[in-house]
Each structure stands twice: as C-alpha cells, then as structure tokens.
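Trainee: What follows is a single structure, and I will ask about it in a moment.
Number of protein chains: 2
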Amino acid sequence: MGLIVQKFGGTSVGSVERILNVAECVKQETERGNNVVVVVSAMGKSTDQLVKLAKEISPQPDKREMDMLLTTGEQVTIALLSMALNQKGLQAVSFTGWQAGIVTEPVHGNARITKIDTVAIESQISVGKVVIVAGFQGITENGEITTLGRGGSDTTAVALAAALKADKCDIYTDVTGVFTTDPRFIKKARKLLSVSYDEMLELANLGAGVLHPRAVEFAKNYNVRLEVRSSMEKIEGTVIEGEATMEQNLVVRGVAFEEEITKVTVLGLANSLTSLSTIFTTLAGNHINVDIIIQSTTEAETANLSFSIKTEDLMETLRVLEDNKESLNYEQLDAENKLAKVSIVGSGMISNPGVAARMFEVLAANNIQVKMVSTSEIKVSAVVEEKNMLKAVEVLHEAFGLSHSA
Amino acid sequence: MGLIVQKFGGTSVGSVERILNVAECVKQETERGNNVVVVVSAMGKSTDQLVKLAKEISPQPDKREMDMLLTTGEQVTIALLSMALNQKGLQAVSFTGWQAGIVTEPVHGNARITKIDTVAIESQISVGKVVIVAGFQGITENGEITTLGRGGSDTTAVALAAALKADKCDIYTDVTGVFTTDPRFIKKARKLLSVSYDEMLELANLGAGVLHPRAVEFAKNYNVRLEVRSSMEKIEGTVIEGEATMEQNLVVRGVAFEEEITKVTVLGLANSLTSLSTIFTTLAGNHINVDIIIQSTTEAETANLSFSIKTEDLMETLRVLEDNKESLNYEQLDAENKLAKVSIVGSGMISNPGVAARMFEVLAANNIQVKMVSTSEIKVSAVVEEKNMLKAVEVLHEAFGLSHSA
C-alpha cells in the first residue's frame, strides 16, 4: 500500500464535469490500494476573474489582500472535489493551505515554503481518508495567508510528496507528458518516457510550460519521483527522476522555444567594469528578468552591452535605464524586438562538446541567423528572429534525432 | 474616540462600485475620529452561485465541505474592501473568521459562537488600522471552518461589538431603518427612530427581514447598541436598545406580516394528552418549525389539533405525520394553505389588555376572518387568508395610529 500525491491544475478542474472526472481519477488510484493526497488549483479562469475584480478596485492592490483574495479560488475547488468524492462513496476531507500545515516565509505573492507540519494530513490518511489540499497557498508563522506565486500548486504537490515521503507525485495536466518539443507546433514531437530533473528544469525554464521549474527544483532536492500525465487520457506520462533511465543514448532530449524576446543594447558604456553590475542590479531592483547577456570587449575606451528580456518588460527596461542614464554613464540605447529563443537540452551534452557547433551548423545550413548565444552544461540557447523560430525548432528536432520515425 | 462596528450585507457589497461606496462610508466614520471594525457578507448572489455549483456535484453536499465552500464568499469581500480602503489612503487589514478569533461550537452549517479571542483585532486597532472581518464564519477549537447559518453576518457584527466593547454596532442595509410595517407594500409605513430589543425580536421573527433575530438576541444579552441604517442614503436609521426611548406613548410599534403559511389539522387524536408532545417532538426532530398551535378541548374521547407551518414545509410535515400515524394514533390529516400571518408588536401591550380585542374588532369590521390566533406579552398574531393580508396590515396600521400624517 503506497502513498500517492496527485496534482490537478486549473484546466483539469475547470468545470463541474471535470471535477467529477478528477474524482474518478482519484477513486481509481484508491482502488489500486493506494492512499491518496490530492492537490488542486483554482477552477479554470477563476483566478483571472478575481484579479480583474481587484484591478477594478485598485490599480496596485495590496499584496497581502491579493493573497487573501486569490486563495479563495483553491478553497472552492477543494470543497467541490471533496463533495464529488463523497458522492462517489469515498471518504474525503479538504484542507486549506493552513489547515494542511503548509508554512511559508512572511512574503506575500511569492512566498517560499519553509516547513510542512504533516500531522493533520497524516491523521486523516491513517483513518483511510483521501486528503484534498488547496495548492498555491500557505500561512506564515504569524497566521497570515500567503501564496506561492507562479507554479505554486506544482510546488505544493511536490513539497507535500517530500514531507509525506510519498512514493510518487503525479502531476495531472492537459498534455500527456513532456515532449521533445511543443507538439502543438511541431508535428513530429515525441513524448519522452523519462527525463532527468536537470533536463526538466531546463525544459521548464525554457517555456515548455508543463511543470514549474521551482517544483522540479524542489523534487530534485528531495528526490521526489514525479510523473507528468494527462487527466483526460489514461496513458503513461513522462517520469522525472534522478537519472533519465531510458533513451540514454540520445545527447539532445528536447528542443524548447520562447517567443517575444527583445534584445536591448547599451552603447558607449564609459566604465564597463563597474557599470555591468550596476545595470543588472538596477534592473533586478525593478523586477526585470534579464536572460542572455553579451558584452563586447573592445580596445576602445567605451564598451557595448547587449542582453535579452521578455518583450513585455521592454518599456519598463527602457524607463529604468533612461532614469539612471547619468549614473550608468552610457551614450545610447538600442532595442531589437520580434526575436525568439530556441534551445536544445540534454544531460548528455556535458560529455559532447560538439553539440553547440552542430546546432549552429544546422541553423546556418537553413539560413537562420543567430543573434545571441548562451550555453550551460546541459543546454545551448540561440536567439533568432521570431519568424525563423519554428523552422529552427523543426530542423534541430530532426537533426538531433528526436522526430518520430513516421 | 470611540469604537464602531459596521456591518454591510450582501447587497451593500454586491459590486465593485458598491464596495467603493462602503469604503467611503467607512472612511467617513474614521474621519469622525472613530476606530472602525467592519463586518461584511459575501457579494450579492455569490453564495447562491456557490450553492448551485455544490448541488451540481452532489444533491446533499457534505456540510463540512459546504462550509469550506461558502466561507470563500466573505473572504473575497474582505480582501476587496481592504484594497478599496487602502486605495482611499486608509490603513486596513482583512481577517477571515478564524483570523479574527471567532470560535464556534463544532457544528457545520449553523454553528453558534462560543468565544471571540480579540487579541489580533485589538492589536490592529491599536496601530490605527481599520479591521475588516468576514461575517458568517468561524472556526472550531480543532481548526475546522464553520458557518453561523442564516443571519450569520449580523451575528458576527453584534458578537464582535460585544467582545470589543464597541460603542455601537451599525447594521448597514438596503433600507433606511425599521419601519412600522413593510414600506414596499404599505405606503403609509413610517420609519421608527428607536425600538427595544424585544420589539425588534418580534418584528425580526415576523418577517421584517432587516435584522436576524439571533443577532438581536445577542445584542440584547450583551446590551449592544444597534442602529439599522442605509448604506446608500446618509440619513438617520433606527436605534435598537434596551428601552425604546422615543414614541413611548404608542402601544403598537409595528405591524409585521408573513405569507405562505399553511394550517395543518390533525383530526381524531386518540390520546391527546401524550400525543401533543409526541407530534411536536417528531416534527422538531425533522427540522420542521411549528408556529401557532391550537388544541380544541372537547368532551369527546378524541381531540383535534391545528398548527401553522411555512407552506414550503408542508410536504415534509405530511410525510412525517403519515409515517408515524400508528404511534401518533390519529384518524385524519387536513391542510389549508394560502394563509398569511399578520402581527402587531409593541412593548406597550403588556399593560394594555384591550389591544388584542381592538385588533380583532378592526379585522372583523373589514370582513377579514381570523383563522388562528397567538399572543405574547408584546405581540398579537392572527392567521388570515393570504388574499386579505395586505388589507389587514393596512387597516391595523391605520387603526393603531402608525400611519404618516400625510
């Protein structure tokens, strides 16, 4: 008799019909003889509706009150799912984040879990109940309601699986698993039967939006065995664990991509040595995430600096840089948008130095210009023009042997 | 500097615009130099929507899960109102029932408050914050979320006013106060400037749905000064306190009425002595509220018994009586519906024995037949045909000197 943590996202619980479907899914797991803890998100678009209400009241709602507001979303789902399970003859009990003992740091909107007091959940499991926990939320030591930010429900599920020493954490979603690339755009995309935590981290970070990187990180740190699978189709998903146990022979495991990238260039930086850190400290202080950074080292007295950001952050980035023009001491700003990032990911790359070279070769052969490059031990990213993105993904997917044999 | 508890019901917080209006109302109270604790209900029809969702999942949803579901409604309102106050430059903080320290008995759907731990609220008041509390909800000693049942938010407000020793508890609603009768039906209805707790209790119990009787009872027990007033119009409301301080000369203070009453008659009761208690114990055990009871005492061996119920309970009442026909030992059941109850209320009646007689005289003079009668120290009720109800209210309102001079 094992213990399984199941997580169902907003789409999977988006209607009464779907909640009943989830209840069936939970029931089947109990019929396999397992104890089940279920983590759910808010129903479909309900969080968006709450955010809209808040924005009508205040353009910048207080973060504490925003947490108070948004946590009602999951509370609705846990109650409804518990009713659905009761209706199917199962004994179920729902817990809000605080009832489940999920303690976070005292930060609103993006809190990290500091500990989980599993006593309440364990006592319900011990009497044979299915425990349903509201994802995305916790409580501070002082009794303030907090939320975990993006990917919060995934994180709740993985953290609970770790704290409860569950045998497995199943992440149910609207896709059937993790693919070699996005199957909505690339027909030859193939489902992976297993990936390693590190590969998943890179794939998640790169916009393969199946599972939040924070949750993967958590799973990696506590060695929680994850499976990403479909809540609609009863088929095998993708297992994420320490080492990808299958298909080890493949160097590249997936091709990720992300649109709406802008490259910002700061021209004529007077003192490149100090201004580099000053620029990024300033941007970070304004919550702008910078991705790839390239500094041109020249013999001249001034240097140029380029970095990539999400296009949605462009206005704010320009404002921050212009507001600080004097202290940063540069001549001019330049921005190029309509760019995209294409990345190849795979643990096998560590021991295969030729992979990046092969990537550029393939792109060049297809007349795709590379604007920026970044590499890590298990990933190579290239910024290309947005119009070339899907073509780049397709040819790389093919060249690294990821496509269906079909 | 005083402490005022304000309560706003579902209609008063039914939209973003109305929540902003409530915020303005709270702000004005703080500008008078008072500390304010605000109790709010769920927005407009949101509770109904949640109930509908639950019913789609289960015809008889688990009560614990129903509480879990419904308490999200007020949590949404407290967060939005707090945002609205922050937006207006006030320091505000919202509390769910459990955060506000509202402890209830371990009953779901209709829990009574057992104690209020005011530490959290008081510490926020002491730093000058407006505290917004979710009405209708509490928590058991074991950390289970409960609801207070009908009139719950009124009860929360009054209980908080008592626990915090507030100077006053203002119940904001969609009417401007307590009237001599329902102004929607009787044009000559007049607003009362003050009524006693006992009068309000009778008026509330009799369907003048401004304030829940439970809250009035609570206010009476803890001597909380209440005022019922409009959240839309800035005019004086009706004060409810120990003694009605104004208009003492009037014997009758108001005329209340209630539609959809059914009279049930049990014919041929064999053993009227024991069966009287058996019948009402059986009905109470099935949650059927019986109002007026009349037993005909005859010389015969069998007796007849009549009682009034809400028409909506008729089917259930007949079922219960028929299921227990053998033990109750009666011959036949009869039911007359399309009845209504009209009541005159006033503390002055205690010392005016002629009031009931005057009432019947007035009704008789208008050809209105009285089907059943019930009296208490401050109330006389008469059951009449529904078609005669408004006529009865009108002539009684006039006869007891309650009408506008207009």
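Protein sequence lines, in the order shown, are assigned to chains A and B. Once you know that position 157 of the first sequence is 157 in my numbering, the rest is easy, because the numbers rise by one and skip nothing. Once you know that position 273 of the second sequence is 1273 in my numbering, the rest is easy, because the numbers rise by one and skip nothing. Just so you know, even glycine gets a beta-carbon here, dropped at the ideal spot from N, CA and C.
Below 7 Å on C-beta distance, what does L1069 of chain B contact in chain C?
Mentor: In summary, chain C is missing from the structure at hand, where the protein chains are A and B.
Trainee: By a C-beta neighbour count over all protein chains shown, 10 Å radius and 16 as the cutoff for buried, is T1181 of chain B buried or exposed?
Mentor: buried
Trainee: Could you tell me whether the Cβ of T1104 of chain B comes closer than 8 Å to any Cβ of chain A?
Mentor: no
Trainee: Closer than 9 Å between beta carbons: that is the criterion. Which residues of the region 1155 to 1175 of chain B meet it against chain A?
Mentor: Taking 9 Å as the Cβ-Cβ cut-off against chain A, none of the residues of the region 1155 to 1175 of chain B qualify.
Trainee: Output needed in chain order: residues of the region 1004 to 1036 of chain B with a Cβ under 8 Å from some Cβ in chain A.
Mentor: Answer in chain order: V1016, I1019 and L1020.
Trainee: According to DSSP, what are the bridge partners of G254 of chain A?
Mentor: DSSP lists A:V345 as the beta-bridge partner residues of G254 of chain A.
Trainee: Compare the Cα-Cα distances from Y172 of chain A to each of A:T262, A:F8 and A:V370 and report the closest residue.
Mentor: A:F8
Trainee: Alpha carbon to alpha carbon, what distance is there between N1324 of chain B and A157 of chain A?
Mentor: 52 Å
Trainee: Quick one: which chain A residues come within Cβ less than 7 Å of T1072 of chain B?
Mentor: T72, Q75 and V76
Trainee: Per DSSP, which one or two residues make a beta bridge with L69 of chain A?
Mentor: Residue pairing for L69 of chain A: DSSP places it in no beta bridge.
Trainee: Output, in chain order, the set of chain B residues within a Cβ distance shorter than 7 Å of L305 of chain A.
Mentor: What L305 of chain A touches in chain B: nothing, since even the nearest Cβ is about 39 Å away.
Trainee: Can you tell me which of B:D1167, B:Q1060, B:N1110 and B:Q1075 puts its alpha carbon nearest to the alpha carbon of E1029 of chain B?
Mentor: Nearest C-alpha to E1029 of chain B among B:D1167, B:Q1060, B:N1110 and B:Q1075: B:D1167.
Trainee: Find the nearest neighbour of E1056 of chain B within the set A:Q75, A:M83, A:E65 and A:E31, judged by alpha-carbon distance.
Mentor: A:M83
Trainee: Below 8 Å on the Cβ atoms is my guess for M389 of chain A versus V342 of chain A; work out the distance and round it to an integer in Å.
Mentor: 6 Å
Trainee: Can you pull out the residues from the region 124 to 145 of chain A whose beta carbon lies closer than 7 Å to at least one beta carbon of chain B?
Mentor: For the region 124 to 145 of chain A, the set of positions with a beta-carbon nearer than 7 Å to some beta-carbon of chain B reads G143 in chain order.
Trainee: Show which residues of chain B have a CB atom less than 8 Å away from the CB atom of D62 of chain A.
Mentor: S1082, M1083 and N1086
Trainee: Does any CB atom of chain A fall closer than 8 Å to the CB of L1053 of chain B?
Mentor: yes
Trainee: Return the residues of the region 1106 to 1124 of chain B that lie within a Cβ-Cβ distance of less than 9 Å from chain A, sorted by chain order.
Mentor: A1120
Trainee: Leaving out five residues on either side along the sequence, give the residues of the same chain with a beta carbon under 7 Å from the beta carbon of E1386 of chain B.
Mentor: E1259, K1338, L1339 and A1340
Trainee: Is the CB of Q99 of chain A under 8 Å away from at least one CB in chain B?
Mentor: yes
Trainee: Check for me: the alpha helix (DSSP H) holding G152 of chain A runs from which residue to which?
Mentor: Segment G152 to A163, the alpha helix (DSSP H) holding G152 of chain A.
Trainee: Rounded to whole angstroms, what is the Cα-Cα separation between L1363 of chain B and L1314 of chain B?
Mentor: Rounded to the nearest angstrom, the gap between the Cα atoms of L1363 of chain B and L1314 of chain B is 27 Å.
Trainee: S153 of chain A versus chain B: which residues are under 7 Å apart at the beta carbon?
Mentor: In chain order: nothing, as chain B lies at least about 17 Å away.
Trainee: Can you name, in chain order, every residue of its own chain whose Cβ lies under 8 Å from the Cβ of Q1099 of chain B, other than the five neighbours on each side?
Mentor: A1120
Trainee: When you check each C-beta in the region 1354 to 1375 of chain B against every C-beta of chain A, which residues fall closer than 8 Å?
Mentor: none
Trainee: Let me know the secondary structure DSSP gives M200 of chain A once reduced to three states.
Mentor: helix
Trainee: Drop a sphere of 10 angstroms on the beta-carbon of N1352 of chain B, count the other beta-carbons inside from all chains shown, and report buried for 16 or more, exposed for fewer.
Mentor: exposed
Trainee: At what residues does the beta strand (DSSP E) containing M1043 of chain B begin and finish?
Mentor: It is not in any beta strand (DSSP E) - M1043 of chain B carries neither H nor E in the DSSP assignment.
Trainee: Which residues in the same chain have their Cβ closer than 7 Å to the Cβ of L1020 of chain B, if we skip the five residues on either side of it in sequence?
Mentor: A1084
Trainee: Which residue from B:V1383, B:P1059, B:K1027 and B:I1378 puts its Cα closest to that of Q1369 of chain B?
Mentor: B:V1383
Trainee: Give a yes or no on whether the C-beta atoms belonging to L1003 of chain B and V1040 of chain B are separated by under 8 Å.
Mentor: L1003 of chain B places its beta carbon 8 Å or farther from that of V1040 of chain B.
Trainee: Buried or exposed for Y330 of chain A, going by 16 or more other Cβ atoms inside 10 Å?
Mentor: buried
Trainee: Applying a beta-carbon distance threshold of less than 9 Å, which residues of chain B neighbour K261 of chain A?
Mentor: Note on residue identity: the sequence assigns Ile, not Lys, to residue 261 of chain A. Ordered by position in chain B, no residue passes the 9 Å Cβ test against I261 of chain A, which lies about 34 Å from the chain.
Trainee: Taking beta-carbon pairs under 9 Å, can you tell me which members of the region 231 to 245 of chain A lie near chain B?
Mentor: none
Trainee: My guess is that V290 of chain A and F280 of chain A are in contact by the Cβ rule of under 8 Å, so how many angstroms apart are they, rounded?
Mentor: With 8 Å as the limit, V290 of chain A and F280 of chain A qualify as a contact, their Cβ atoms being about 6 Å apart.
Trainee: Let me know the secondary structure DSSP gives V178 of chain A once reduced to three states.
Mentor: coil
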